[in-house]
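Q:
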């Protein structure tokens, strides 16, 4: 059999697809549930265990009831229910389903490439296009992460609808058009990206109509006629979205959406996001330099060889399709250094890869064509295999986290305070919040529940990874049946207990303070009681307080008085500390905590320390640094460590049950918050703030936290009880409360309290 006949043979194409899928992503069948997977499988288990009305709700409401999102994907829920009925919590079966959909997508790409194959290419375009699709590294996230399945299923129905639409246009087949419309409906029920299909059909009908010499007006009229049913379906889809979700567009809402909007401009102009599409390698990929060099050679040879070629209809069609496919993902635009969020590019990758394949197969010299195509496919396949290995390894870490926690339960009685878990590793997600950790320890993942034995302090939803409620941690550790706190080491493979014994005294009269330069050179040394004069000397970088022996459970804030001179309106004051004994924590710059400080002639700066969980990650703190502002012309004095009750009101739940995550669930009742600011000097009033729905104060920098405020209340008494009524919190979601003291002039004193969180189901 000659080469053209071989590459066009269905058996060869099938073996090629199956072989490359196995080579690049087959190892994921040894993986496990990660991050969102854990919550989603738990949600599906509740449906299968009798709450079938929840499945019906996904056809008229938000996808999986995920807060801060506006997603309509009922078909994905149906696929997950089917998987749970077949496989329960055997992750291998779920990944087999992902691989089957990915393989099916590849076969549809074969058919699509054949539909545009020129007679002169002898099957090379189809061969290269198919191979590139299977091995493209940006496909690793949707294949290897169960939460990315929606892209696989949406693409399947999208391509199926497009192929049958092309057949209907070419053959004027009514049956094919009906099948195409049904597939389009299924694509819309899978993910929002499929809304571009009517536009793609218009492009095809304009560029590839039967009579290529027709005027543009006639082509547009023909395109409008064949695409009209798709536009009608799309309009009906948007009407249903507005009815069910209250919005035309999909994506993230509330604080998450606001954060993404605020960073959109920077993400759009970041050239690395385009660069990573053409060079899809993780930055810590072991062949990163080799992959970049070989890719540059391939692209250069291809562009040099075809630089005089004319632009074909196929190129125009693919470019326009690519641009259309990118429009829905503009709000989420961006690729991390380790290809994070690559799943959103899955559908758009098809026209992109067809363009690359068309470029490669347009090279006149077949030897150069073969070299460029094979080399690019090889480096991409190697990168995809590496990505699959990372996701598989992440699954083993999550599984080990669950097993280690159960072993701890079996080894000793009581409850355990667990500091935040590993969130990600090399671009893969692990256990992103405390709720996922607790779900991992109960049915359907375990035969019995161990969740009640653990108290967690991870972020609740969208807060920064490092933030915790230190007041709650101390209260929990004071209870007799609680041991810990425990910290995860070596990316979740070891659970290490830390001491919770507290010294009796926190006096700091003998602080030794060194003024140092950027190269760690000692400029001068002073004591904690001296006034430190800071000038605009460029060598001055930071103050280092050394020879400490502070138990982090006893110190919550670092305070100092500062007298500023100059026109600077704001500066960012922060403290940092290193943790050399824990290899998983960076030690070059240490861990930092800080806030924006509005410059006044004389003021007291209060920097939070215990607000960050890594403050507790070592039993004793021996040194800490205070960074100096960029414009240095000030005097520092009275550097000291203080407890939270000395500078912030204490907020606690009063007579209210709250779970191991520290959340009070308000169903149809009310709860109370106790505010105690009796130990705060000069405090005359207290400002109690409630966040907007699904907004978290710590998700914003200190100078922007007012954006999260939904309501403010002034309390006259230093000891107050505030009743929270669920009827006043009308929207479903999370709400936070915090408090701060005010002086007689209504100016803020000290620091904000730790936040309390309520959830309205």
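In this note's numbering, the protein residues as written are 217 to 977.
Where a beta carbon is used, it is the ideal one built from N, C-alpha and C, also for glycine.
1) So, is residue 481 buried or exposed, given that buried needs 16 or more other C-beta atoms within 10 angstroms?
2) Could you tell me the alpha carbon to alpha carbon distance between residue 866 and residue 953, rounded to whole angstroms?
3) Counting only runs that start and end within the segment 271-331, where is the alpha helix (DSSP H) found for 4 or more residues in a row?
4) Can you look up residue 974 in the DSSP assignment and give me helix, strand or coil?
5) Tell me the DSSP bridge mates of residue 947?
6) Quick check: what's the CA-CA separation for residue 697 versus residue 653?
7) Give the list of continuous alpha helix (DSSP H) stretches no shorter than 4 residues that lie fully inside the segment 396-474.
8) Among the candidates 587, 531, 593 and 704, whose CA atom is the shortest distance from the CA of residue 613?
9) Quick one: grab the DSSP three-state call for residue 495.
10) Do you know offhand how far residue 408's Cα is from residue 262's?
11) How close, in whole Å, do the beta carbons of residue 714 and residue 771 come, if the pair is a contact with beta carbons under 8 Å?
12) Do three or more CB pairs link the segment 630-637 to the segment 480-500 at distances below 8 Å?
13) Between the beta-carbon of residue 790 and the beta-carbon of residue 823, is there less than 9 Å?
14) Name, in chain order, the residues that DSSP records as bridge partners for residue 955.
15) Do you know offhand how far residue 722's Cα is from residue 858's?
16) Which residue's Cα is closest to the Cα of residue 670: 640, 417 and 628?
17) I'd like to know whether the C-beta atoms of residue 699 and residue 768 end up nearer to each other than 9 Å.
18) Please name the residue, chosen from 244, 576 and 270, that lies closest to residue 344 on a Cα-to-Cα basis.
19) Have a look at 502, 888, 287 and 851 and flag the residue whose alpha-carbon is nearest the alpha-carbon of residue 456.
20) Do you know offhand how far residue 560's Cα is from residue 641's?
21) Starting from residue 710, follow its DSSP beta bridges and name the residues at the other end.
22) With DSSP run on the structure shown, which of helix, strand or coil describes residue 225?
23) To the nearest whole angstrom, what separates the beta carbons of residue 889 and residue 972, a pair I think is in contact under 8 Å?
24) Determine the direct distance from the alpha carbon of residue 675 to that of residue 399, and round the result to whole angstroms.
25) In its own chain, which residues sit with a C-beta less than 7 Å from the C-beta of residue 461, not counting the 5 before and 5 after it?
26) According to DSSP, is residue 880 part of a helix, a strand, or is it coil?
27) So residue 778 and residue 819 are supposed to be a Cβ contact under 8 Å. How far apart are they, rounded?
28) Candidates 454, 585 and 941: which alpha carbon is nearest residue 412's?
29) Tell me whether residue 898 is buried or exposed, calling it buried when 16 or more other Cβ atoms sit within 10 Å of its Cβ.
30) Could you give the distance in angstroms between the alpha-carbon of residue 231 and the alpha-carbon of residue 594?
31) Spatial neighbours of residue 765 within its chain, please: CB distance less than 6 Å, with the 5 preceding and 5 following residues excluded, ordered by chain position.
32) What three-state label does DSSP hand residue 799 in the structure shown?
33) Out of 446, 418, 449 and 445, state which residue places its alpha-carbon closest to the alpha-carbon of residue 434.
34) Where does the unbroken beta strand (DSSP E) through residue 690 begin, and where does it stop?
35) Going by beta-carbon coordinates alone, are residue 384 and residue 645 separated by less than 9 Å?
36) If you drop the 5 nearest sequence neighbours on each side, which residues of the same chain put their C-beta closer than 8 Å to that of residue 317?
A: With the structure as the only source:
1) In the chain shown, counting from the first residue as 1, residue 481 sits at position 265. So residue 481 counts as exposed.
2) One-based indexing of the chain shown puts residue 866 at position 650. One-based indexing of the chain shown puts residue 953 at position 737. Each residue's alpha carbon lies about 12 Å from the other.
3) 290-303
4) Sequence index remark: in the chain shown, residue 974 carries index 758 (1-based). Of the three classes helix, strand and coil, the one that applies to residue 974 here is strand, per DSSP.
5) Translated into positions along the chain shown, residue 947 becomes position 731. Residue 947 pairs with nothing; no bridge assigned.
6) Residue 697 sits at position 481 when you count from the first residue of the chain shown. Residue 653 sits at position 437 when you count from the first residue of the chain shown. Rounded to the nearest angstrom, the gap between the Cα atoms of residue 697 and residue 653 is 21 Å.
7) Taking only runs of at least 4 residues, the alpha helix (DSSP H) segments lying wholly in the segment 396-474 are 413-423 and 432-461.
8) Your numbering for residue 613 matches position 397 in the chain shown. Considering only alpha carbons, the answer is 704.
9) Taking the first residue of the chain shown as 1, we reach residue 495 at position 279. Residue 495: coil per DSSP, three-state reduction.
10) Mapped onto the chain shown, residue 408 falls at position 192. Mapped onto the chain shown, residue 262 falls at position 46. Cα-Cα distance, rounded: 26 Å.
11) By 1-based counting over the chain shown, the position of residue 714 is 498. By 1-based counting over the chain shown, the position of residue 771 is 555. So it is not a contact: roughly 15 Å between Cβ atoms.
12) no
13) In the chain shown, residue 790 corresponds to position 574, counting from 1. In the chain shown, residue 823 corresponds to position 607, counting from 1. Against a cut-off of 9 Å, the Cβ pair of residue 823 and residue 790 comes out as a contact.
14) For the purposes of this step, residue 955 is identified with residue 739 of the chain shown, where counting begins at 1. For residue 955, which the question treats as bridged, DSSP gives the partners 904.
15) Walking along the chain shown from the start, residue 722 turns up at place 506. Walking along the chain shown from the start, residue 858 turns up at place 642. Residue confidence is low: residue 722 scores 45 on pLDDT, short of 50, so the model does not pin down where it sits. Its coordinate-derived value is still stated next. In a straight line, the C-alpha of residue 722 is about 8 Å away from that of residue 858.
16) Position 454 of the chain shown, counted from the first residue, corresponds to residue 670. Distances from the alpha-carbon of residue 670 to those of 640, 417 and 628 put 628 closest.
17) Position 483 of the chain shown, counting from 1, holds the residue named residue 699. Position 552 of the chain shown, counting from 1, holds the residue named residue 768. For residue 699 and residue 768, no; Cβs fall outside 9 Å.
18) One-based indexing of the chain shown puts residue 344 at position 128. Cα-wise, what sits closest to residue 344 is 576.
19) Here residue 456 refers to the residue found at position 240 when the chain shown is read from its first residue. If we check each option's Cα against that of residue 456, 287 comes out closest.
20) Start at 1 with the first residue of the chain shown, and residue 560 comes out as number 344. Start at 1 with the first residue of the chain shown, and residue 641 comes out as number 425. If you take the alpha carbons of residue 560 and residue 641, they lie about 20 Å apart.
21) In the chain shown, residue 710 corresponds to position 494, counting from 1. Answer is 705.
22) Taking the first residue of the chain shown as position 1, residue 225 is located at position 9. Here residue 225 sits in coil by DSSP.
23) In the chain shown, residue 889 corresponds to position 673, counting from 1. In the chain shown, residue 972 corresponds to position 756, counting from 1. Separation of the CB atoms of residue 889 and residue 972 is rounded to 6 Å, and the pair is thereby assigned contact status at 8 Å.
24) Within the chain shown, residue 399 is the residue found at index 183, counting from 1. Within the chain shown, residue 675 is the residue found at index 459, counting from 1. In a straight line, the C-alpha of residue 399 is about 40 Å away from that of residue 675.
25) Residue 461 sits at position 245 when you count from the first residue of the chain shown. Within the same chain, residue 461 has close Cβ partners 278, 286 and 288.
26) Mapped onto the chain shown, residue 880 falls at position 664. Three-state DSSP puts residue 880 in a strand.
27) Within the chain shown, residue 778 is the residue found at index 562, counting from 1. Within the chain shown, residue 819 is the residue found at index 603, counting from 1. Here residue 778 really is in contact with residue 819; their C-beta atoms are around 6 Å apart, less than 8 Å.
28) To locate residue 412, count along the chain shown from 1; it is residue 196. Of the candidates 454, 585 and 941, the one whose C-alpha sits nearest the C-alpha of residue 412 is 454.
29) Indexing the chain shown from 1 puts residue 898 at position 682. So residue 898 ends up on the exposed side.
30) Counting from 1 along the chain shown, the entry for residue 231 is found at position 15. Counting from 1 along the chain shown, the entry for residue 594 is found at position 378. A straight line joining the alpha-carbon of residue 231 with that of residue 594 spans about 17 Å.
31) Numbered from its first residue, the chain shown carries residue 765 at position 549. Taken in chain order, the residues that qualify are 836.
32) Along the chain shown, read from residue 1 onward, the residue named residue 799 stands at position 583. Reliability fails at residue 799, whose pLDDT of 32 lies under 50, so the model's placement of it is uncertain and the value that follows must be treated cautiously. Residue state for residue 799 is assigned as coil, using DSSP reduced to three classes.
33) The residue labelled residue 434 in the question sits at position 218 within the chain shown. When only C-alpha atoms are compared, the closest one is 418.
34) Here residue 690 corresponds to residue number 474 of the chain shown, with the count starting at 1. Taken as a continuous stretch (DSSP letters only), residue 690 belongs to no beta strand (DSSP E), being part of the alpha helix (DSSP H) at 686-693.
35) Within the chain shown, the letter at position 168 stands for residue 384. Within the chain shown, the letter at position 429 stands for residue 645. One thing to note: residue 384 has its Cβ no nearer than 9 Å to the Cβ of residue 645.
36) The residue labelled residue 317 in the question sits at position 101 within the chain shown. Result list for residue 317: 365, 368, 369 and 372, in chain order.
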